[in-house]
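In what follows, a single structure is set out as structure tokens and then discussed.
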Amino acid sequence: MTHQLKRFSTKYLLISFTLLFLLSVNGCSTKISKEASTTSLIKGFLTPPASSKPGVYWYFMDGNMTKESITADLESMKKVGIGNLIFLEVNVGIPRG
């Protein structure tokens with residue numbers, strides 16, 4: 081019985097030290113990643129990637145569009161920082177144009 085108890089105690093002690101070591105290492109890497117994360121956050125805020133820019137629904141009613149109107153709309157969207165759009169041409173019963 082003493083041998084089993086000694087083996088259990090050694091195993092328990094080894095697991096405890098391993099967990100303590102892993103937790104302390106994880107705490108050190110968290111500090112480094114927090115600093116890197118803050119730098120990355122500031123950089124991303126100042127120059128956001130296209131994937132995080134706002135988007136819009138862009139409707140055209142019954143084909144009422146021209147090449148010039150499309151170009152003007154896209155340039156305006158780019159100027160104000162819109163990075164994504166969903167294009168929809170809808171049929172609402174007005175004369176096609």
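Residue numbers 81 to 177, in my numbering, belong to the letters of the sequence shown in order.
All residues carry an ideal CB built from backbone N, CA and C; glycine is no exception.
Treat the numbers as computed from the prediction; the structure is a model and nothing was measured.
Reduced DSSP secondary structure (H/G/I, E/B, other) of residue i
i: Gly135; result: strand
i: Ile162; result: coil
i: Met141; result: strand
Residue j beta carbon less than 8 Å from that of residue i
i: Val136; j: Leu154; result: no
i: Lys133; j: Gly161; result: yes
i: Ala130; j: Gly163; result: yes
Sequence-distant residues of the same chain with beta carbon closer than 6 Å to residue i, five excluded per side
i: Tyr139; result: Leu168, Val170
Chain C within 8 Å of residue i, Cβ atoms only
i: Leu103; result: The structure shown contains no chain C, having only a single protein chain.
Sequence-distant residues of its chain with Cβ nearer than 8 Å to residue i (five each side left out)
i: Pro175; result: Asp142
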